[in-house]
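Below: the structure, in structure tokens.
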Amino acid sequence: MSAQVPGSTPALLQWVQTQLTAGHCPAALQHSLVTAGWSAPIAQAATDLLLRPTAAAPGASVEMPDLRLQDGCNALDAGDRHVQVLLSMQRPRLVLLDQLLSPEECAQLIAEARPAMARSRTVAKEAGGEEINPDRTSDGMFFQRGQTPTVRALEARIAHLLQWPVERGEGLQVLNYRPGAQYKPHHDYFNPQDPGSAPVLRRGGQRVATLVIYLNTVSAGGCTYFPESQLRIHPRPGQAVFFRYPHPEAQSLTLHAGDPVLQGEKWIATKWLREQAFA
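For the sequence shown, my numbering assigns the number -8 to the initial residue and increments by one for each residue that follows.
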């Protein structure tokens, strides 16, 4: 559903609805939204709208990125190349792809990212901002959109493949998992119940899909694991897994983990897609 308050987003309305349902004071919510950077009129209009008995639940219908899978078709048009389909599921909506990147592009992306690597962080659930999370022990960095020719080519390929504008994606993140590094089970969307989600939702709304791209072969461990589906994806360079989550809820079945690396190291690139233009 499109936002019913000019200047807001469906994710903002979802957050406000969740907080109101939990019994939080509307005035306190408005103060939190203004502190997070929303204007006072938008904050008041959002709470006023959702306090009405007839207010529809936000997020009832969400435009989503997807792949043009056709019966019997094992390859997809990505603009400058064809990408192979290795596996597809409907629940969760998940597709494993091959040949999204060439070996040379994988190596180039690692080389461009390596000088900027630092300990990975996650959104601080209570205070907002970022914090080191013991559940996530990788190193990482973000490219700005279009920062290098390699990044620009990949972003254009992803936009064509998923029918989703480049502007509605976060900057490409590259991650490195050394021996023992992992990311324990988590969801990629921002939990509307967390106070710290409001500032990040302001920058383009909710995350709606993820594309994890594998950049190297891992000697042992390092799989992407979906426990609810009992699915493990073993990293192979140039392959990628796409999954989406129309609403920020556990029923999306997109809980996933990065298994500990047992031998060697793992390099991946992640593209998170937002419901609106990301700024």
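Every residue, glycine too, gets a C-beta built ideally from N, C-alpha and C.
Original post:
Of the choices Ala69, Ile204 and Asp39, whose alpha-carbon is the least far from that of Pro94?
Top reply: Ile204
Original post:
Is the beta carbon of Ser158 sitting closer than 7 Å to the one on Ala18?
Top reply: For clarity, residue 158 is Glu in the given sequence; the question names Ser instead. Cβ atoms of Glu158 and Ala18: not closer than 7 Å.
**OP:** Assuming Phe133 contacts Gly162 (C-beta within less than 8 Å), just tell me the rounded distance between them.
**Re:** 5 Å
**OP:** Quick one: residues in its chain with C-beta nearer than 7 Å to the C-beta of Pro156, no 5 flanking neighbours on either side, listed in chain order?
**Re:** Ala150
**OP:** Output yes or no for whether 7 Å exceeds the beta carbon distance between Leu192 and Pro56.
**Re:** no
**OP:** Leaving out five residues on either side along the sequence, give the residues of the same chain with a beta carbon under 8 Å from the beta carbon of Pro303.
**Re:** An answer regarding residue 303 cannot be provided, because it is not within the stretch -8 to 270 covered by the chain.
Original post:
On the three-state DSSP scale, how would you describe Thr278?
Top reply: With the chain covering -8 to 270 only, the question about residue 278 has no answer from this structure.
Original post:
Terminal residues of the continuous beta strand (DSSP E) containing His73?
Top reply: His73 to Met80
**OP:** Grab the span of the alpha helix (DSSP H) containing Gln99 for me, first residue to last.
**Re:** Pro94 to Ala104
Original post:
Exposed or buried, what is Asp68 when buried is set at 16 or more other beta-carbons lying within 10 Å of its beta-carbon?
Top reply: exposed
Subject >> Own chain, CB closer than 6 Å to Pro170, minus 5 neighbours either side, in chain order >> reply: Val252
**OP:** List the DSSP bridge partners of Glu84.
**Re:** Residue 84 is actually Arg in this sequence, not Glu. Its beta-bridge partners do not exist; DSSP assigns none.
Original post:
Below 7 Å between beta carbons: does that hold for Gly187 and Gly119?
Top reply: yes
Subject >> Residue from Leu100, Val114, Ala66 and Lys116 with nearest C-alpha to Arg143 >> reply: Leu100
Original post:
Does the Cβ of Gln230 have 16 or more other Cβ atoms within 10 Å, making it buried, or fewer, making it exposed?
Top reply: buried
Original post:
Secondary structure at Thr141, three-state DSSP: helix, strand or coil?
Top reply: helix
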